[in-house]
Amino acid sequence: MTPFNRLRRGAALTLCALLALTASGCGPSSGGTGTGEGLVAFGATPTSVCTSAFAPQLGCTTSGNVGTPSDPLATGTTMTLFADLPTGGNVAVTFESNSVQVRARCQRIAFDGDWGIAAGNDARFFGNYVVEPAGPQVPASVSVQAVGAGELQLVLRETDGRVVLGPVRVQKVPAPAPQAPCP
Numbered sequence: 005m006t007p008f009n010r011l012r013r014g015a016a017l018t019l020c021a022l023l024a025l026t027a028s029g030c031g032p033s034s035g036g037t038g039t040g041e042g043l044v045a046f047g048a049t050p051t052s053v054c055t056s057a058f059a060p061q062l063g064c065t066t067s068g069n070v071g072t073p074s075d076p077l078a079t080g081t082t083m084t085l086f087a088d089l090p091t092g093g094n095v096a097v098t099f100e101s102n103s104v105q106v107r108a109r110c111q112r113i114a115f116d117g118d119w120g121i122a123a124g125n126d127a128r129f130f131g132n133y134v135v136e137p138a139g140p141q142v143p144a145s146v147s148v149q150a151v152g153a154g155e156l157q158l159v160l161r162e163t164d165g166r167v168v169l170g171p172v173r174v175q176k177v178p179a180p181a182p183q184a185p186c187p
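So the sequence shown is numbered by the working numbering: it starts at 5 and just counts up by one.
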């Protein structure tokens, strides 16, 4: 093998390794929702968010779910949006199926999680958060409670109980809320 061929082969292997690392961003351990990975890390069991105490605030159908009732992972809410309007739309919350996305724009926090129940009947969203743009994924959970008509209160905590965000009061909105400048 000539030095030129060895160089080409090395470059091709490097390119393949980089592509493999890039492609893995959508699979398990990438922080996305829907895989239940966050649930497993907390020892939680997946269940429908439409069985939660705040389900009347969401887009649950009259049958209590969307999808096939016999499949607990398919049941959940239609896309429902919330924002912290009184403080300028800094926090945006999207509930869909049995998952939640919490984005705290000014703090650069992004949480993705799935609804489940852990030991002691502890129901919440379990997943990971990152400090954007490229912080490490940190296992965390979001607890949610109804605090008024069309209003919820959220708290984002790490596994040791340290509060990362909240409590934040959010209101149901029909579309993404306008955002005020960050302080």
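Note that the Cβ used here is the ideal one computed from N, Cα and C, for glycine as well.
These numbers come from a predicted model, not from an experiment.
Check this for me: beta carbons of residue 58 and residue 114, under 8 Å apart or not? no
Residue ranges of each beta strand (DSSP E) within the region 91-116, 3 or longer: 95-101 and 103-108
Given a threshold of 16 other Cβ atoms within 10 Å of its Cβ, counted over all protein chains shown, does residue 197 qualify as buried or as exposed? Since the displayed the chain opens at 5 and closes at 187, residue 197 lies outside it and no answer follows.
Applying the criterion that 16 or more other CB atoms from any shown protein chain within 10 Å of the CB defines a buried residue, is residue 128 buried or exposed? buried
Given this structure, state the Cα-to-Cα distance separating residue 111 from residue 133, to the nearest angstrom. 12 Å
Using a threshold of 8 Å, state whether the C-beta atoms of residue 120 and residue 43 are closer than that. yes
Residue of 158, 162 and 138 minimising C-alpha distance to residue 144: 162
Taking the Cβ atom as the reference point for each residue, do residue 63 and residue 79 lie within a distance shorter than 8 Å? no
How long is the line joining the alpha carbons of residue 102 and residue 81, rounded to whole angstroms? 7 Å
How many Å lie between residue 186 and residue 108 at the Cα? 11 Å
From residue 154 to residue 137, what distance separates their C-alpha atoms? 31 Å
Going straight from the alpha carbon of residue 139 to that of residue 158, what length do you get? 22 Å
Which of the three DSSP states, helix, strand or coil, is assigned to residue 150? strand
Contact check, residue 96 vs residue 179 under 8 Å by CB: the rounded distance? About 11 Å separates the two Cβ atoms, so there is no contact after all.
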